[in-house]
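Protein chains in written order, with our numbering: chain B, 24 to 186; chain S, 12 to 163.
What follows is one structure encoded as structure tokens, with my remarks underneath.
See the structure below:
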């Protein structure tokens, strides 16, 4: 991966640990989190701003349960994209609002797919239509539609908690 | 589960985009929505209770924090699928684990603090009974991660 790791202090790591827990739904949530770390609210906010500026934080906000808000169908669509076309294809697919994730990945023998898009829609048919459209726009005909049959686990990562 | 009101949708659309980084973040959101802090907090607690929210909070860039990510595809004998899926779920770095249609029937994402940690987990999973094949599809470049649903 091209992204460089940022060197974090022990205090930064402690702040990451409390921020990845449930966010307090109270008037002054950062005061509550700061108290857990044992620093003032001012210091805490300053450190979080630094983490955001350093791009260690990618987003602060909410993620919805997609089935509950009507996006009941989703598919992991794996594409076989010629190397010279990859950058452009990835950028254009990423620009589509129905695509939540877009990653370039290594391939394997018998597994030529190198670009992965997660597509969310209201139905399986709509997933197919979006994938057809994305493929057509790039002249890509080789893809694998990996529909999920069962969700066994879906969690957020807990960083800096290894024993 | 109750229907989302126009106000709920506006609140969720706004909060999916950002949570302000200031002493009174919910008052800042309330101001943007033309209401008060108490109303925003009350609705958010209710929406969380009702299961609309997967998480409110901070989402990190795993690579910037020093973690490496991969997507692993397994071909598992149907009768072993459940125990294999459950064994994978026990690893904290395995954050998403799905049974999928196709040649490879079990797919999970794995975040690891370093290469040796990753290799150890993959070796353990490869050795589970019923795991016939494994693909390790390492992330080379992330172009987009942004799970946002525009509610109308």
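Ideal Cβ positions, reconstructed from N, Cα and C, are used throughout, including at glycine.
The continuous beta strand (DSSP E) containing residue 127 of chain B extends over residues 122 to 128. Against chain S, a Cβ distance below 9 Å from residue 89 of chain B picks out 65, 158 and 160. Counting only residues of its own chain and dropping the five nearest sequence neighbours on each side, residue 165 of chain B has a CB closer than 6 Å to the CB of 103. Judged by beta-carbon spacing, residue 160 of chain S lies beyond the 8 Å limit of residue 138 of chain B, meaning their Cβ atoms are not closer than that value. Within the stretch 82 to 127 of chain S, the complete beta strand (DSSP E) runs of at least 3 residues fall at 105 to 111 and 117 to 123.
The beta-bridge partner set that DSSP reports for residue 101 of chain B consists of B:139 and B:167. Close CB contacts of residue 118 of chain S within its chain, under the 6 Å cut and outside five residues either way in sequence, are with 84, 109 and 111 (chain order). Around the CB of residue 144 of chain B, 16 or more other CB atoms lie within 10 Å, so the residue is classed as buried.
Below the 7 Å Cβ cutoff, chain B contributes 175 as neighbours of residue 96 of chain S, in chain order.
The C-alpha of residue 36 of chain B lies about 44 Å from the C-alpha of residue 148 of chain B. Residue 139 of chain S is positioned such that its CB atom lies no closer than 8 Å to that of residue 73 of chain S. In the structure shown, the three-state DSSP call for residue 71 of chain B is helix. At a C-beta separation below 7 Å, residue 129 of chain S has no neighbours in chain B, since its nearest C-beta there lies roughly 12 Å away. The straight-line gap separating the alpha-carbon atoms of residue 49 of chain B and residue 58 of chain S is approximately 15 Å.
Within chain S, the C-beta atoms nearer than 7 Å to that of residue 52 of chain B come from 36, in chain order. Look at residue 174 of chain B here: in three-state DSSP terms it is strand.
Excluding the 5 residues flanking it on each side, residue 30 of chain S has same chain C-beta neighbours closer than 6 Å at 36, in chain order.
Interface criterion not met: the Cβ of residue 16 of chain S is under 8 Å from no Cβ in chain B. A buried status is given to residue 27 of chain S, since no fewer than 16 other beta-carbon atoms sit within 10 Å of its beta-carbon.
Annotated as distal: residue 161 of chain B and residue 99 of chain B, with beta-carbon spacing of 8 Å or more.
Between residue 71 of chain B and the set B:96, B:140, B:31 and B:120, the nearest pair of CA atoms involves B:31.
Annotation for residue 40 of chain S: 25, 26, 31 and 51 place their beta carbon closer than 7 Å to its own, counting only its chain and skipping 5 residues before and after. Runs of the beta strand (DSSP E) lying entirely within the stretch 31 to 72 of chain S, each at least 3 residues long, are 64 to 71 in chain order. The alpha carbon of residue 34 of chain B has as its nearest neighbour, out of B:73, B:51 and B:136, the alpha carbon of B:73.
Bounds of the alpha helix (DSSP H) holding residue 26 of chain S are 17 to 28.
Non-local beta-carbon contacts of residue 89 of chain B in its own chain, meaning distances under 8 Å to residues more than five positions away in sequence, involve 95, 97 and 143 in chain order.
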